[in-house]
Every structure is written in structure tokens, then in C-alpha cells.
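Everything below concerns the one structure shown next.
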Amino acid sequence: MKLQKTLIALALAGAAFSAHAHKPWLLPSSTLVEAKEAWVTVDAAVSEGLFDIDHVPVKLDGITVTGPDGATVPLENASTGKLRSTFDVKMTKNGTYRIALVSQNVFASWKANGETKRWRGLESDMAKQVPADAQELKVSRTKGRLETFVSANTPDNAIFKPSGSGLELVPVTHPNDMRAGEKATWRFLLDGKPAANQAFSLIPGGVRYRGTLGEIRQNTDAKGEITFTIPAAGMYLVSASWPAAAPAQPGQPPQMPPLRMTYAATVEVLPQ
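If you count by mature numbering (1 follows the signal peptide of the UniProt record, and there is no 0), then the sequence shown holds residues -21 to -1, 1 to 251, one letter each, in order.
Below, the structure is given as C-alpha cells:
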């Protein structure tokens, strides 16, 4: 059940272009901590209102924290409640840490005795769960990445080496050093190559108090890069998915592509 909820949360990450879709997110108490003993607390949830605690928690079993030296950092004081999960990260080394939930999962549907069967899970479990002779078998695969970045005292760039798998954000402007009214440059990669003309969405927190979504939509250039100015300070959710959704056909269910990649991250913009 824990794994299933994790997979569902990642699948939902690609729906962030919709104003009303449930979105998974990781929300740190701060993205830049200047202290001799640096700690950060992170909330993890899936919600309809961005950063609101109103739906279900993100399970913590798949979350990893990687330090500036590449070592895995343990989650401290981890707990999962009815509506959210929470954990602490002790940052014993100066530099930038990546907090991420990365998954590859499979969705399959087929016919058995005239009835439609469906299954979602890991690639390694597919052979056990889906009959080899399944009729009208349709399979789609999703690579999902949900993350945030936090720094202790002095941000650095060691953590931003791309994995080469899925849709990734490789920031040219450090995400813990963005300020309102200043220009920032981001680069998106698709399986390690520039994601040209990649659409992404940037939504500021506090939607419930504004009454408007305040979404910013942009597209990368041929190099997979975009330079833009963020108008106001605050926490933001950046999200993207590939390929672009196919136009809906009247009377037909939404078509799932054979391969889908999703990305979502929480970033903080500081006052100027």
C-alpha cells in the first residue's frame, strides 16, 4: 500500500499544468540555513491547493537525501500522518543537498474474459502481475522526479550533476540564490540531452489567500534553457512533463503515451 501511494503521487506530478489537479510536493522550512548546526524540516504531501495540507501524505520510503559530497544523508524524526509526512535533515557539511523522490513505474491494461484489467507498479514486478498472453495489452511507462534543494551556509553546485535519466532541471542560476526582480537561468534535460521547447509551469504558494493561481508558463529554447525574471519572493512549484498532452478526442478516454516523463520541484525565491 505504501508503494502504491508513492507511485500514485509521482504519477500525479505530471498533472501540475491543471489548476485543479492534486499535486505532490516537498516543502522545506527554509532552503538556505546559515547556522553552525544546520537543520531543515521538510513537509511532504499531495494536495489540491498548492502547499495546503488537504489530501494525503507522500510516503517516505522512496525519499533520498544526498549531501554535497555525494553521500546519502538519513531522514531524522520521520513520521507520516493522515494528511502529510514530515522529516528533518541534519546538514553536517556546508553546501547544497538534494531531497528527491525518483521512480520508474509501469501502467498496464488488458482484457480478460471481456473485462478490463489494470495494474500499476514497478517494471520488475510486471511479469508476475500481467499475464504473458494478455489480450489487447496496452502498456505505458513513467519516469518521475519530485525534489527540492536546501543549502547549509554556502551553496555549491556539486549536487546538480545530471543522472541522464528522465526529465531533469539543471539550474544555471543556483535555486538557493534566486531573488525577486532578478533574472534566473534554468536548463532542462531529457535523458541527458537538451530538452528543446520544453514547456514548464511555475506556481507560487499562497494560492488560497490570493484567489488566483498566479501561474507562469514558459518554454525553453533550442538548448533547453530559459532566462526569466521571477516577480515576487516566496516558495514556488516548478513542474514539467514530456511529451505534451495529446488533444482530447470527443467520446474517447485520454490517451497515455508509451513513455512519459514528469518533473516537479519546490524552489524558494528570496526578497531582493
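All C-beta atoms, glycine included, are put in the ideal place defined by N, C-alpha and C.
Q. Under the rule that 16 or more other beta-carbon atoms within 10 Å means buried, what is leucine 101, buried or exposed?
A. Leucine 101 comes out exposed.
Q.
Distance check for glycine 49 and lysine 140, CA to CA, integer angstroms please.
A. As the crow flies, the alpha-carbon of lysine 140 is around 10 Å from that of glycine 49.
Q: Put phenylalanine 139 into one of helix, strand or coil per three-state DSSP.
A: Here DSSP, grouped into helix, strand and coil, assigns phenylalanine 139 to helix.
(Q) Just to confirm my understanding: we take serine 9, look at its own chain, exclude 5 residues before and 5 after, and list those with CB closer than 8 Å. What are they? (A) Val19, Val129 and Glu247
Q.
Using CA atoms only, rank isn't needed, just tell me which of Gln251, Leu238 and Thr245 is closest to lysine 117.
A. Leu238
Q) Can you round the beta-carbon distance between valine 52 and threonine 45 to whole angstroms, since I take them to be within the 8 Å contact cut? A) 7 Å
Q: Determine which residues share a DSSP beta bridge with glutamate 204 and list them.
A: Arg166
Q) Residues in its own chain within less than 6 Å of methionine 235 by CB, not counting five upstream and five downstream? A) Ser119
Q) Nearest to alanine 223 by alpha carbon, out of Ile195, Leu216, Ala163 and Leu146? A) Leu146
**Q.** Burial state of phenylalanine 207 (16 or more Cβ within 10 Å)
**A.** exposed
Q: Have a look at methionine 240 and serine 142 and give me their C-alpha separation to the nearest angstrom.
A: 14 Å
Q) Can you give the Cα-Cα distance for valine 35 and glycine 203, rounded to whole angstroms? A) 34 Å
Q) According to DSSP, is methionine 214 helix, strand or coil? A) strand
Q. Does the count of Cβ pairs from the region 190 to 200 and the region 173 to 181 closer than 8 Å reach three?
A. Under the 8 Å Cβ criterion, the region 190 to 200 counts as touching the region 173 to 181, having at least three qualifying pairs.
Q. Is alanine 106 helix, strand or coil by DSSP?
A. helix
(Q) Between which residues of its own chain and alanine 244 is the CB-CB distance below 7 Å, once the five residues before and five after are set aside? (A) Glu126, Thr127, Leu148 and Val217
Q.
Any contact between the region 64 to 84 and the region 14 to 29? By contact I mean 3 or more CB pairs, one from each, below 8 Å.
A. With the cut-off at 8 Å, the region 64 to 84 and the region 14 to 29 touch.
Q) threonine 95: buried (16+ other C-beta within 10 angstroms of its C-beta) or exposed? A) Classification for threonine 95: exposed.
Q. Sorted by chain position, which residues of the same chain lie with C-beta nearer than 8 Å to valine 12's C-beta, five sequence neighbours on each side aside?
A. Excluding sequence neighbours, valine 12 sits near Trp18, Val19, Met70, Val129, Ser130, Ala131 and Asn132.
Q. Is the Cβ-Cβ distance between valine 81 and threonine 43 less than 9 Å?
A. Cβ distance < 9 Å, so valine 81 and threonine 43 count as in contact.
Q) Looking at the structure shown, is valine 151 part of a helix, part of a strand, or coil, going by DSSP? A) In the structure shown, valine 151 sits in coil (DSSP, three-state: anything other than H, G, I, E or B).
Q | Whole-angstrom distance between aspartate 112 and tyrosine 215, CA atom to CA atom | A | 46 Å
Q | Outcome for valine 37 when other beta-carbon atoms lying within 10 angstroms are tallied against a minimum of 16 | A | buried
Q: Go through its chain and collect everything with a Cβ distance to proline 173's Cβ below 6 Å, but skip five positions before and after it.
A: Excluding sequence neighbours, proline 173 sits near Lys202 and Gly203.
(Q) I believe threonine 152 touches alanine 163 by the beta-carbon criterion, under 8 Å. Please report the beta-carbon distance rounded to the nearest angstrom. (A) 4 Å
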